[in-house]
Amino acid sequence: MWTAGINIHEVKEIRTRTTLYFGVGAITKIDPIVGALKKKGIASVLIVSGKGAYIRTGAWDHVKAALDKHSMKFALYDGATPNPTAEQVDAAAKLGHMIQAGAVIAIGGGSPVDTGKSAAILLRYPGKTARDVYEFRFSPEEAVPIVAINLTHGTGTETNRFAVVTIPEKEFKPAIAYDCIYPTWAIDDPALMTGLSPAQTRYVSIDAVNHVVEAATAKTANPMSIMLAAETIRLIVDYLPLAEKDPKNLEARYFLLFASMIAGMSFDNGLLHFTHALEHPLSALKPDFTHGLGLSILLPAVVEKIYPVRAKVLADILSPIDSSLKGTPDEAYKAACSVEAWLEKSGVPEKLADEGFKESDIEKLVQLTFHTPSLSGLLSLAPEEATEDCVRWIYRNSFRPIRQRPK
Ligand SMILES: [Fe+2]
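Add 3 to the 1-based position in the sequence shown for our numbering, that's all there is to it.
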């Protein structure tokens, strides 16, 4: 396998729309990045992070040293939580405005990075708020430069144009996609990820699996999204058990991180549909609900629903999970059961009923799926027509394991 020939301790420069430093030790590249910002005439930056991971992982020591060395003024917003809110984005942007920040350095998983990307827009549009952005009252064309220091191997947000923020009073969790929020630079350093708990490890990798299942089967799928999907799933099936067994296994973290990064590129090309559109209402209803867990719960029913119209592609990309799939539409239930069995084997057997959702929530979830800004756009990309009945069917079949469903 090609992965055996890679020296994971050599920091490589990977070019996408972002210039990405990848490998063990990549965090040291923050020094030349801050130097480059300074050269562009930027004198102050907004740092966006969650509460503690940026310190715990050791990332902050490197960032602070680089800021000091280059005499870069900074303001730190460390209030980004999982499922970050519009208030958090506004608070971060306010801090940035106070020092006239000319760039954002976001340190964390998807939530701090998406908060940072959103604040980077507001720093270019002083009169606007996060609600203006996420309720689509205007379309930003500019943001200040973004540096993404990634601390999880799931979202792929460090190298794509997406961000997600919750509007709590409306129970909305919309997604935005703008060219201006591609990070200019990103750092993917697997050594910053060895402290992820076993549960986080599973959830973030399952997020990446969902990105590619959707990106490879959407109406907008292209050969690039499909090719990256196949490799993503193969790497995760191979390396997730190794990271589970030994969280400090740097080779496993390296390839799980590579998988999540190319999954981010895959959905930047192919976009997303059912699983993400239906997961966002779950975490909008329960703000502490984990994105990857919600996706895991929904995935088997989504696979069963879309398999008949995307049998060939799904049989191919799911082959590391079930090599007996031939790519014929009648295998939908079998494919869904195989995916469910793999998720269970990977330590995520939960379904909606286990997480406190009630069947009486289904109607509300269906309505949120159709009425949350941006989610209808995702639904329109689903390979199977996303009627209310179809969405209802997916939620209903995610309450209990598909394999226990009465025939
Ligand atoms: Fe995701």
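All residues carry an ideal CB built from backbone N, CA and C; glycine is no exception.
Item, Value
"With a threshold of 6 angstroms on Cβ separation, who are the neighbours of residue 91 within its own chain once the five nearest residues in sequence on each side are excluded?", "82, 83, 118"
"Following a CB-centred definition, is residue 117 positioned closer than 7 angstroms to any heavy atom of ligand 1?", "no"
"What residue from 34, 369, 280, 355 has the CA that sits closest to residue 189's CA?", "34"
"So residue 8 and residue 201 are in contact, right, with Cβ under 8 angstroms, and what is the actual spacing, rounded?", "Incorrect: roughly 29 angstroms between the Cβ atoms, too far for contact."
"What's the gap between the Cα of residue 325 and the Cα of residue 244?", "16 angstroms"
"Report whether the distance from the Cβ of residue 271 to the nearest heavy atom of ligand 1 is below 7 angstroms.", "no"
"By Cβ distance, which residues of its chain are closer than 6 angstroms to residue 323, with the 5 residues on each side in sequence left out?", "236, 237, 240"
"Is residue 163 closer than 8 angstroms to residue 185 when the C-beta atoms are compared?", "yes"
"Hey, out of 87, 79, 56, whose CA is closest to residue 203's CA?", "56"
"Return helix, strand or coil for residue 52, following the three-state DSSP convention.", "strand"
"Using DSSP bridges, identify the partner residues of residue 25.", "15, 191"
"Using only alpha-carbon positions, find the residue among 256, 321, 222, 246 that is nearest to residue 277.", "222"
"Out of 336, 370, 158, 342, state which residue places its alpha-carbon closest to the alpha-carbon of residue 294.", "158"
"For residue 196, count the other beta carbons within 10 Å of its own beta carbon; 16 or more makes it buried, fewer makes it exposed. Which is it?", "buried"
"Run the CB neighbour count on residue 409, radius 10 Å, all protein chains shown included, and call it buried at 16 or more, exposed below.", "exposed"
"If you measure between the beta carbons of residue 47 and residue 104, is that distance less than 8 angstroms?", "yes"
"If the criterion is Cβ atoms closer than 8 angstroms, does the pair residue 493 and residue 307 meet it?", "No answer is possible for residue 493: it lies beyond the span of the chain, which begins at 4 and ends at 410."
"Buried or exposed for residue 64, please, with buried defined as at least 16 other CB atoms from any protein chain shown within 10 angstroms of its CB.", "exposed"
"Based on Cα-Cα distance, which residue from 265, 360, 251 lies nearest to residue 233?", "265"
"Alpha carbon to alpha carbon, how far is residue 376 from residue 138?", "6 angstroms"
"Verify the contact flag: residue 214, CB atom, against every heavy atom of ligand 1, threshold strictly below 7 angstroms.", "yes"
"Say yes only if the C-beta of residue 162 is nearer than 7 angstroms to one or more non-hydrogen atoms of ligand 1, and no if none qualify.", "no"
"Terminal residues of the continuous alpha helix (DSSP H) containing residue 270?", "253-273"
"Is the beta carbon of residue 279 within less than 7 angstroms of some heavy atom of ligand 1?", "yes"
"Nearest by alpha-carbon distance to residue 53: which of 174, 115, 135, 130 is it?", "115"
"Taking only beta-carbon atoms, is residue 394 less than 8 angstroms away from chain C?", "This model lacks chain C altogether, as it is built from one protein chain only."
"Taking the alpha carbon of residue 75 as the reference point, which residue from 36, 97, 110, 113 has its own alpha carbon closest?", "36"
"Could you check what DSSP says for residue 363 in three-state terms: helix, strand or coil?", "helix"
"Round the Cβ separation of residue 288 and residue 174 to the nearest angstrom and send it over; I've been treating them as touching at under 8 angstroms.", "6 angstroms"
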